[in-house]
Amino acid sequence: MWQQNPLLMSRIKRIEIVRGPGSALYGANAFNGVINIITKTPAEMAAAPTTTTSRSFVGERNRQNLEMQTTVGNPKDWTASLGLAYNHTDGSGGKKATDVRDSYTIPILTLDIQKRLPRGSLMLTAGNVESVEDSFEAIYLRDA
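Numbering (our numbering), first residue to last: 566 to 709.
Following this line, the structure appears as structure tokens:
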């Protein structure tokens, strides 16, 4: 269900991969490793030379990923960032009923508002994902 996270590719600053157990820092389920995705703040996006970006990715199986990101405000005071995205794929399986189909259509809406303070900042983050998926999973039970 990774595609259902309200995260735009244009907002990713860097990705860290921490191998090995990390339960003390990241919780009980981090026993094999952690993938930490660090995103840009609205102040960082407002300080960039371009405050409005648009991206489009197209691939096989009718895969489409469209994004639009815009940021307004002063990086030293109030900044707001609005992101829109549309992800779609026809899946990776075949056409038979027993083949795995994982097609999905997902519109994404994100809003981030940041206020710089003398000793830090306040940030409000909101995101919405509405997913329509066609998933098929076969479970085989022996001796049942």
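The C-beta atom is built at its ideal place from N, Cα and C for all residues, glycine as well.
Residues in the same chain with beta-carbon distance under 7 Å from residue 640, minus the five sequence neighbours each way, listed in chain order, please. For this step, residue 640 is matched to residue 75 along the sequence shown. So the qualifying residues of the chain are 608, 611 and 612.
Close-in-space but distant-in-sequence residues of the same chain around residue 655 (CB under 8 Å, 5 per side omitted): Numbered from its first residue, the sequence shown carries residue 655 at position 90. Once the five neighbours on either side are set aside, the close Cβ partners of residue 655 are 626, 627, 628 and 668.
CB-CB under 8 Å to residue 604, same chain, minus the five flanking residues each way: which ones, in chain order? Within the sequence shown, numbered from 1, the residue matching residue 604 stands at position 39. Short of 8 Å from the beta carbon of residue 604, and not among the five residues preceding or following it, lie these beta carbons of its own chain, in chain order: 572, 576, 577 and 578.
Between which two residues does the alpha helix (DSSP H) containing residue 575 stretch? Working through the sequence shown from its first residue, we reach residue 575 at position 10. Counting along the chain, residue 575 falls outside any alpha helix (DSSP H), and DSSP gives it neither H nor E.
Range of the contiguous alpha helix (DSSP H) that encloses residue 608: As a first step, residue 608 must be located in the sequence shown, where it is residue number 43. Residues 607–612.
Reference residue 632, options 644, 599, 617 and 643, closest by Cα: Residue numbering aside, residue 632 sits at position 67 when the sequence shown is read from its first letter. The option with the nearest alpha carbon to residue 632 is 617.
What would DSSP say about residue 650, mapped onto helix, strand or coil? Stepping through the sequence shown from its first residue, residue 650 is reached at position 85. The three-state secondary structure of residue 650, taken from DSSP, is strand.
Can you find the residues in the same chain that come closer than 6 Å, C-beta to C-beta, to residue 675, ignoring five residues on each side of it along the sequence? For the purposes of this step, residue 675 is taken as the residue at position 110 of the sequence shown. In the same chain as residue 675, and ignoring 5 residues on each side of it, the C-beta atoms closer than 6 Å to its own belong to 571, 648 and 692, in chain order.
Roughly how many angstroms lie between the CA atoms of residue 642 and residue 582, to the nearest whole one? Numbered from 1 along the sequence shown, position 77 holds the residue referred to as residue 642. Numbered from 1 along the sequence shown, position 17 holds the residue referred to as residue 582. As the crow flies, the alpha-carbon of residue 642 is around 33 Å from that of residue 582.
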